[in-house]
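Numbering (our numbering), first residue to last: 17 to 112.
Glycine included, C-beta positions come from ideal geometry on N, C-alpha and C.
Note that the coordinates shown come from a computational prediction; the quantities given were computed from them, not determined experimentally.
These notes concern the structure reproduced below.
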């Protein structure tokens, strides 16, 4: 939906604000890996909860969301998913 996408100088992003935030959050992945950042798997899981709640409450029509909130929760979720991937990778590599 065009209304859920970010527009800058008349250009509308081809993906929604939440997905834009998730993709931007994935940019944390190489830094977490390069600097051997050790973080709890559960922190990554907890960082995904705000996005799930935002999407769920919006879908159930309990409230309406806005692009800033979608972007923020997507960004938090993207970083959380990066933490999950790095922590699981480090756990697997600890056996070798």
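Proximity below 8 Å, CB of residue i to CB of residue j
i: residue 22; j: residue 83; result: yes
i: residue 94; j: residue 33; result: no
i: residue 35; j: residue 96; result: no
i: residue 100; j: residue 51; result: no
Sequence-distant residues of the same chain with beta carbon closer than 6 Å to residue i, five excluded per side
i: residue 26; result: none
i: residue 45; result: 98
i: residue 81; result: 70, 74
Residue i versus the options, residue with shortest Cα-Cα distance
i: residue 53; options: 71, 102, 36, 74; result: 102
i: residue 42; options: 92, 111, 104; result: 92
i: residue 20; options: 107, 108, 85, 63; result: 85
i: residue 107; options: 17, 55, 87, 28; result: 55
i: residue 31; options: 87, 60, 63, 62; result: 87
Contacting residues, own chain, Cβ-Cβ under 7 Å from residue i (five flanking each side not counted)
i: residue 49; result: 102
i: residue 18; result: 28
Own chain partners of residue i with C-beta closer than 8 Å, once the 5 adjacent residues on each side are dropped
i: residue 47; result: 53
Per-residue DSSP class, three states only, for residue i
i: residue 82; result: coil
i: residue 105; result: helix
i: residue 98; result: helix
Heavy atom of the ligand NAP within 7 Å of residue i beta-carbon
i: residue 91; result: Ligands are entirely absent from the displayed structure, and the ligand NAP is therefore not among its contents.
Cβ of residue i within 8 Å of any chain C Cβ
i: residue 22; result: The question asks about chain C, but that chain is absent: this structure has only one protein chain.
Contiguous beta strand (DSSP E) assignments of at least 3 residues, all confined to the segment 18 to 69
21 to 24, 27 to 32
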